[in-house]
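Note sheet for the following structure.
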Amino acid sequence: KSWISEDDFYRPSPGQSDRSTADTNGLGPEGDGEGPAPGLISALDLERLSVPSSDTGKAKPSPEREQKGFSVVHRRQMGLSNPFRGLLKLGSLERRGAMGIWKEFSCELSPLELRLFLEHEERICVESYSLLRCESLALTHSDGRFELVFLGKKLSLRAPSRDEAEDWLDRIREALRECRPQLDEEDWETLEYAEDGGETQPVLSSAVQYSDVPGNSLDWTLAPEPELDAIKEAVLYMDVDKTWVPFVFSLSLETLKCFKIRNSDKILSNSYGIETIQDILPDTSLGGPSFFKVITSKAVLKLQAQSAEEAASWRELVREVLMSYLESAEEALTLGGSLDGHSQVVLKNIVKENGFLLQYLVAIPIEKGLDSQSFICAGCSRQIGFSFARPKLCAFSGLYYCDSCHGDEESIIPSRLIHNWDLSRRGVCKQALKFLTQIRNQPLIDLKLVNESLYEHVERMGRILRSREQLKLLGDYLVMCRSGALKELSKRLDHRHYLLECPHKYSVADLRQIADGAFESFLQSLLQFASHHVYNCDLCTQRGFICQICHSSDIIFPFEFDTTTR
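Sequential numbering from 553 applies to the sequence shown in the working numbering.
In structure tokens:
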């Protein structure tokens, strides 16, 4: 009794069933001149309606459909794009930021990349991650948290449930299998010249022709003693002006060093700090799976290992060292606790340019010497030393710079003030001075986490803590008051609203005022204004207390540390 009748169903004959399905999906024989069975039209057929072909006949709708007076038109014929075309999955996920805050994004998974969008009408794509660079993925918690690792960068995401997280991981694994097929060692083909000396030319796997292509006859012996801090040390061949030259590479937690061998002695040729390494990738275009390249801020190193397993070991170790460095930099950053959105945007832009300087904000730098920098300026790669430009030490990072990158500007060093109560100004490089200027108003330093004992050992810091706690309690009154006193206090705070929230957070500007002796008087002026308002405001006075023991009629307040105890 349905409104759909038997005439609405098309049933091909048994002999035509397979043939019609194949033709409908464009999978029929190339020489077949017959069109699809009448009455069966797919979306692909509709796209071909207006394009005559010599091989296939023009599909026509059945007479029954013409009599019904309607036709099906594909959205692409009308010029409408399909927003879901090519997507494997889409939905909302939360991402963990550098401060440990989870923020919701709209995510799209395509066959080649994962894209994160802000929840706006414009759908602004803030980040995209190529699946070709995905190293690992795993479910990390039963509440829906999972992690993706893209060449040393960890992406922490959270789905609404465990099932949803597993579905995302399954879809990403499917995409990885499609876009990145794995080739084994035996799948590579070695191309050689023809023995008869004919006109047959070898097909090169790379557009660059090398004068000495590495082969099995290379010397991989490692005679000299390894470096004391080396995690891994081995002979690698490096492309130098289209010639493969052997070097000894030594990887430590801080640097990747390159040595030349002369008379069984190692001579330092170059050194690359871990903070300068941007990527490490396999590069089979150079000749096989044993080739890879290291991308640094100074140069791209094209290298060959003894075997594919050795190359994979190098790539894995370099990424682990890079991950360790990034986590230490993030740990220094998370000491600031949670920040508002504007502060996070500012920090994100700073980290892009001077990310490696974050680790020195709360940790006293260790001077390593010019040899660890290979006698190269840490800012511009210019040679410095006794026979070159005079090196200048940056007291903020402990690195050496040339005259162009170090202008002898002076600043207090936050880490030395926090740990040693060293208030003296020291010479810093231009890069560090710019970094300190950019973050001067951001409350990145939580003294309770970094060095809480400073309150006990330094009398001035003990008084400052007392004033900060009083100001926080007074701020609770002014926030609830409808008189508008909070606006006036905000002007006096000079955008340092964190002074009303947490008594242990400090910015670089606060530390500079502490060193100059101006921070205490600044706090006293705020306390005087806020307490004067509370004592003279009818609304704030009514939020006072009566003593719980003697029940005296005097109104007491929690910020009166001299006469009141909570």
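For glycine and all other residues, C-beta sits at the position ideal for the given N, C-alpha and C.
Closest residue to C946 among V980, K784, G840, S842 (Cα-Cα distance): Nearest C-alpha to C946: V980.
Within-8 Å CB hit, D722 to chain B: As a matter of chain content, chain B is missing from the structure shown, which is built from one protein chain.
Cβ-Cβ distance between W866 and A860 below 8 Å: Not a contact, by the Cβ cut-off of 8 Å.
At least three beta-carbon pairs within less than 8 Å, the segment 687–700 to the segment 720–731: When Cβ pairs closer than 8 Å are counted between the two stretches, the segment 687–700 is seen to touch the segment 720–731, the count reaching three or more.
Helix, strand or coil at R647 according to DSSP, with G and I counted as helix: Strand, per DSSP.
Helix, strand or coil at E1021 [DSSP, three-state]: Helix at E1021.
Other residues of its chain near K944: CB distance less than 6 Å, five sequence neighbours each side excluded: Once the five neighbours on either side are set aside, the close Cβ partners of K944 are Y953, H958.
The segment 802–817 / the segment 863–877 touching (three or more Cβ pairs under 8 Å): Touching, yes.
R1064, buried or exposed, once every other Cβ within 10 Å from all chains shown has been counted against 16: Counting Cβ neighbours within 10 Å, R1064 comes out buried, since at least 16 surround it.
Cβ shell of A863 (< 6 Å), same chain only, five flanking positions each side left out: Closer than 6 Å at Cβ, skipping near neighbours: S842, F844, A857.
Beta-carbon gap between Y877 and I826 smaller than 8 Å: Yes, these two residues count as a Cβ contact at 8 Å.
Assigned secondary structure, G1027 (DSSP; H/G/I helix, E/B strand, else coil): The answer is helix: DSSP assigns G1027 an H, G or I state.
Sequence ranges, beta strand (DSSP E) only - wholly within the segment 961–999, length at least 3: For the segment 961–999, the full-length beta strand (DSSP E) segments reaching 3 residues or more read 961–964, 977–980 along the chain.
G1014 (DSSP reduced to helix, strand or coil): Helix, per DSSP.
Cβ-based neighbour list, F1109, same chain, cut-off 6 Å, excluding 5 preceding and 5 following: When the five nearest sequence neighbours on each side are left out, the beta carbons in the same chain lying within less than 6 Å of the beta carbon of F1109 are those of G1096, in order along the chain.
Euclidean distance between Cα positions of K850 and R934: When rounded, the distance between both Cα atoms is 11 Å.
Classification of D1062 by the beta-carbon crowding that lies within 10 angstroms, buried from 16 upward: Answer is buried; the Cβ neighbour count reaches 16.
Boundaries (first-last residue) of the beta strand (DSSP E) holding E699: Here the beta strand (DSSP E) through E699 covers 697–702.
C-alpha gap between S594 and R647, whole angstroms: Residue confidence is low: S594 scores 46 on pLDDT, short of 50, so the model does not pin down where it sits. Its coordinate-derived value is still stated next. Straight-line spacing of the CA atoms in S594 and R647 works out to 41 Å.
Own chain, CB closer than 6 Å to L1006, minus 5 neighbours either side, in chain order: Result list for L1006: M1013, in chain order.
Buried or exposed (CB count within 10 angstroms, at least 16 for buried), Y1029: That one is buried.
Y551 - containing beta strand (DSSP E), residue span: Residue 551 lies beyond the residue range present for the chain, which begins at 553 and ends at 1118; the question has no answer from this structure.
DSSP-derived helix/strand/coil call for W654: In the three-state DSSP reduction, W654 falls in the strand class (E or B).
Every unbroken alpha helix (DSSP H) within the segment 1022–1078, with a cutoff of 4 residues, ordered by chain: The qualifying runs are 1037–1045, 1060–1068.
From C677, L645, P712, residue whose alpha carbon lies closest to that of S694: Here the closest residue by C-alpha is P712.
Where the alpha helix (DSSP H) containing Y1007 begins and where it ends: Per DSSP, the unbroken alpha helix (DSSP H) holding Y1007 starts and ends at 1006–1009.
Per-residue burial, H1047 [other beta carbons within 10 Å of its own, 16 or more giving buried]: With fewer than 16 other Cβ atoms within 10 Å, it is exposed.
Span separating the alpha-carbon of S1059 from that of I970: In this structure, the CA atom of S1059 is about 12 Å from the CA atom of I970.
Candidates L1079, N815, V1002, R729, of which the one nearest N972 by Cα: Considering only L1079, N815, V1002, R729, the residue with the shortest C-alpha distance to N972 is V1002.
F844 in three-state terms, based on DSSP: Collapsing the DSSP output to three states places F844 in a strand.
Cα-Cα separation, W796 to Q830: W796 and Q830: Cα-Cα distance of roughly 23 Å.
Rounded Cβ spacing between L999 and S963 (contact assumed at less than 8 Å): In fact, because the Cβ distance is near 19 Å, the residues do not count as touching under 8 Å.
Integer Cβ distance of G937 from F948, believed to fall under 8 Å: The beta carbons of G937 and F948 sit about 21 Å from each other, so the pair does not count as a contact at 8 Å.
Supposed contact pair L1023 and L988 - C-beta distance, whole angstroms, cut 8 Å: With 8 Å as the limit, L988 and L1023 do not qualify as a contact, their Cβ atoms being about 25 Å apart.
Counted within 10 angstroms of its Cβ, other Cβ atoms place D1068 as buried (16 or more) or exposed: Around the CB of D1068, fewer than 16 other CB atoms lie within 10 Å, so the residue is classed as exposed.
Selection from L910, S1073, K1039 that minimises the alpha carbon distance to Q994: Cα-wise, what sits closest to Q994 is L910.
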